[in-house]
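Take a look at the structure below.
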Amino acid sequence: MRLSQYFFSTLKEVPKDAEIASHQLMLRAGFIQQLSSGIYSYLPLGLKVLQKFQEILRQELNSAGAIEVLFPSVIPEELWQESERWDAYGDQLLKMTDRLGRQYCFGPTHEEVVTEMAKQFIHSYKQLPLNVYQIQTKFRDELRPRFGLMRGREFCMKDAYSFHDSESSLDETYQVMKTAYYNIFESCGLEVQAVEADSGDIGGSESAEFMITAETGEDAIMKCSESGHAVNVEAAKTMPFKANEFRDQVSIEHVSTPSMKRIEEVVNGLNCSSSDLLKSLLVEVDNELVLVLIRGDHELNELKLKKQLNAFSINFVNDDDVFNTIGTVPGYVGPYQLSECRIVADHSLDPTYPYIVGGNQPDTHLRNVQLKYDVTVESYLDLRNASAGELTPWGGVYEEVRGIEVGHIFKLGTKYSESMKASFMNKEGRPSPFIMGCYGIGVGRTVAAAIEQNSDDKGMVWPKSLSPFDIQLICVNPKKEILTNACDSLYTNLKNTGLDILYDDRLDSPGKKFQDADLIGIPLQVIVGKSFEKSSEIEVKFRSSGDRLSLPYDRCVETIKELFDGC
RNA sequence: CGGGGUGUAGCGCAGCCUGGUUAGCGCACCUGUUUUGGGAACAGGGGGUCGCAAGUUCGAAUCUUGCCACCCCGACCA
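As numbered in the working numbering, residues -5 to 561 make up the first sequence, in order.
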C-alpha cells in the first residue's frame, strides 16, 4: 500500500481525553476515532490489526475443533425472559423497541441465542459435543466506559459455546479451549496469566480468566509466591485464624470517641492500630439484616459474602431508620449486646483478642470486646479480600499484580439449558439438558492490551503477528528519481514475496516519515536514502530494538524476507 | 446514580474574573518558492452559528438560569 494513496493521518499532540498509552497511541496514530462515549470507529490501520487478531482466533479455534457461526446482534426480549436475564442483567442491557412495540436488546453476550440454536438442531447425544464460536460486535452499557477500546460500550468479542452430554466431555473441551487460549495469546507475543476466577452472574462452576499483566490493568491478581498459582482478588481465599492459646476474659471499657466515625479517626483518636479495631458492617442480605465483622485493616469482599451466605442480593444499609430500629448509630455500630440481627465474622479474626468496637450509642466505642466471650457469632467465614504479603492456601504468600482481563472461560453447566428447556435424548433414551461451557475473548481489548505491553515513548511496537503491515518502506526523498525508482521496484519485489508492505512515498520531510513509522510501530522499516545514493545500500531498522543494518540493494529482498521471518 | 471538571477551527489551547473593534495563537489544511536522514523555511490563504436554549443588557464567547455532550473520581468499607 502506498501511503500517499492510503487513508491515514497522525497527530502530534495527545488528545486530552486519553489517559493510558494504548488509547493515546491509537488516537495519535489514527487507528480509531471516538464517536460517542465508549463507541469508536475503527480506521484502516486499527481495523487491520483487529482483523489480524481475528484471523489468529479463527485459526486456533478451528484447529481446536470449534466451528464459526454468526448470531444476530439484536435479540428479541422473549429469549432473555426465558433465561430470566431480561430484568436481572440490569442497566447494562441496551433495550430497544421496534415499530410494533416489540422489545429487543442489543446482545451483550449470546448464551440465549446459542441455546435456542442447540434446542432446535441438536436432538441426540450422537450430535455432541458441539463447540461453536462467533466474532461479533457486542454492546454493554457500561457504568463507566474508559480507556478507549479497553472498556468500550460497543466492542468486538469472540465468544464460543460448547454443548455436552456429560461433565467429563465438558472438562475435555474446557481444557482444549484453555490450551487454545494460551496458543492464541502466545502467537500475539503476549505474556498471559490464567487466573482462577469467580464466575459472577453468568453462573456455573469453574472459570478461569486470562490476564495480560500490565500496570494499567483494572484487575488485581493475587499470585502465590510458592506455587505460582494465580487468583483474581475477588476469589482469592484467605487463611482462617489459628489459635495457639485462648486469652482470658477481660472487662469491657467504654471510651468516649466524639466525631470518630471512620476507622482512621478512631486510630488517630485512640492511638491504636487499625488491626485493633473491628469494622461492623450492617448488610441487608435477601431482606434480612446481618451484621458483618471484619478487622479494621481488612476489606469486605461482597462476592464472598454473597456466596458464603447463599444470598441472591446484598445491599449495604444506609437508612437511619434501620439504625434506629435496631438501636445503633451510624458510625458507631458494634456487635456487643446487639440481639436484633444475625452476626457473622471473618474467619481471620482472633476470637479472644480484645478488639475495639462501636458502642451502639453516639460518640462511644468499647475496648476489650472479645468475640468468644462477649458476642454471639453465628459463624466465622472467609469474607474479605486477600492482600499482598499474607499466607496463601498453597504454602506461600500472596503477591499482587495488575492485569487486563482479555479472556474468560466458564463451565456453565445446565443453567441456560434448564431455564430455556433445551435438551437432547441421552443414551438411556431420556431427555437431558445440555451441559454447557462458554469462552470469551475481548478482541479490541486484547489489541489495546498488546499496546500497553509493547510500546515506548515513540509509539507502538507491534509483534509481527498483529502488526497492520509487515514492513514499512520509506523513500527518504521521493523527488529524486533514483530513489523513487529503487523504492518502486523494491516495493513490487517485496510484495511479490507475499509480504504486506506500507510504502511511505509521501513528499513530506524525512523527519516526519521516521516519526510516523515509529509511531505506527511496524516491526521492520526499510529505508532508502543517502546510503543508496552513495553506495547502493538500503537500511533496515528494527522497531523494537532500534538496531539498524545496511544491505546492498541488489538481492536485498531475500535478506529482508529472512529478517522479517526471524522477527 | 453522586461528586468534580471541561466544552472557543480537524487537534492542542488563550481570551471569560472586570461585557464593548473584524474572536486569537500553535499544529494540521490550501497556493507558491526554496528545502529533504529525525515532526523544514519564507510568503500568501481558507476554515468558527464560541456545546444548545432562554434570560439580563444599548451590546454577551464573557454575567444568570436550564439543558446537552464528553472526561475524571466515587458507587455503598459505618
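Cβ atoms here follow ideal geometry from the backbone N, Cα and C, with glycine treated the same way.
Using a threshold of 8 Å, state whether the C-beta atoms of residue i and residue j are closer than that.
i, j, result
"Val441", "Leu477", "no"
"Leu493", "Ile516", "no"
"Glu562", "Gly390", "This structure does not reach residue 562, given that the chain is present from -5 up to 561, and the question cannot be answered."
"Leu272", "Leu287", "yes"
"Val363", "Ile257", "no"
"Lys421", "Tyr119", "yes"
"Ile129", "Phe157", "no"
"Asp135", "Thr103", "no"
"Arg500", "Gln519", "no"
"His341", "Phe235", "yes"
"Asn354", "Gly325", "no"
"Cys150", "Ile50", "no"
"Glu384", "Tyr392", "yes"
"Glu54", "Ser77", "no"
"Pro348", "Val244", "yes"
"Leu143", "Ile14", "no"
"Gln470", "Ala443", "Reading off the sequence shown, one finds Val at residue 470, where the question assumed Gln. Going by C-beta atoms, Val470 is not nearer than 8 Å to Ala443."
"Val186", "Leu460", "no"
Could you tell me which residues DSSP puts in a beta bridge with residue i?
i, result
"Cys150", "Thr131"
"Thr207", "Gly397"
"Gly453", "Asp450"
"Asn226", "Ile215"
"Leu467", "Tyr497 and Val520"
"His248", "Leu360"
"Leu124", "Phe157"
"Ile61", "Val126"
"Val68", "Phe100"
"Pro546", "Glu531"
"Phe404", "Ser201 and Cys432"
"Thr91", "Gln97"
"Glu190", "Ala202 and Val225"
"Gln27", "Ser35"
"Arg289", "Leu272"
"Ser118", "Met419"
"Arg145", "Arg140"
Specify the secondary structure class of residue i as computed by DSSP and reduced to three states.
i, result
"Met111", "helix"
"Cys561", "coil"
"Ala511", "helix"
"Glu185", "coil"
"Pro472", "coil"
"Glu533", "strand"
"Asp79", "According to the sequence displayed, residue 79 carries Arg and not Asp. Three-state DSSP puts Arg79 in coil, outside helix and strand."
"Arg138", "coil"
"Ser162", "helix"
"Glu7", "coil"
"Leu460", "coil"
"Ile50", "helix"
"Leu297", "helix"
"Ser(-2)", "helix"
"Ser539", "coil"
"Ser503", "coil"
"Thr491", "coil"
So, for residue i: in the same chain, excluding its five sequence neighbours on each side, which residues have a beta-carbon less than 8 Å away from its beta-carbon?
i, result
"Pro425", "Ser417, Phe418 and Met419"
"Glu161", "Ile429"
"Lys231", "Val225, Asp376, Ala380, Thr386 and Pro387"
"Leu137", "Asp85 and Gln86"
"Lys474", "Glu527"
Please list, in chain order, all residues of the same chain as residue i whose beta carbon is under 7 Å from its beta carbon, the five residues on each side excluded.
i, result
"Glu209", "Arg396"
"Tyr547", "Ala480, Phe526, Ser530, Glu531 and Ile532"
"Gly146", "Gly32, Ile33, Tyr34, Pro139 and Gly438"
"Ser411", "Thr109, Ser417, Pro427, Phe428 and Met430"
"Gly352", "Ser274, Tyr326, Val327, Gly328 and His359"
"Tyr485", "Leu467, Ile495 and Tyr497"
"Glu296", "Ile308"
Going by beta carbon distance, what residues of the same chain come within less than 6 Å of residue i, once the five residues before and after it are set aside?
i, result
"Met254", "Val260 and Gly263"
"Ile350", "Asp270, Leu271, His359 and Arg361"
"Asn448", "Val455"
"Ser268", "Ile257, Val261, Gly290 and Asp291"
Task: Secondary structure, alpha helix (DSSP H): runs of 4+ residues fully inside the region 408 to 447 - done: Listed in chain order, they are 409 to 413 and 437 to 447.
Task: 4-residue-minimum alpha helix (DSSP H) runs that sit fully inside the region 307 to 393, ordered along the chain - done: 314 to 319 and 365 to 368
- [ ] Any chance you could list the alpha helix (DSSP H) runs of at least 4 consecutive residues sitting entirely within the region 228 to 287, in chain order?
- [x] 257 to 264
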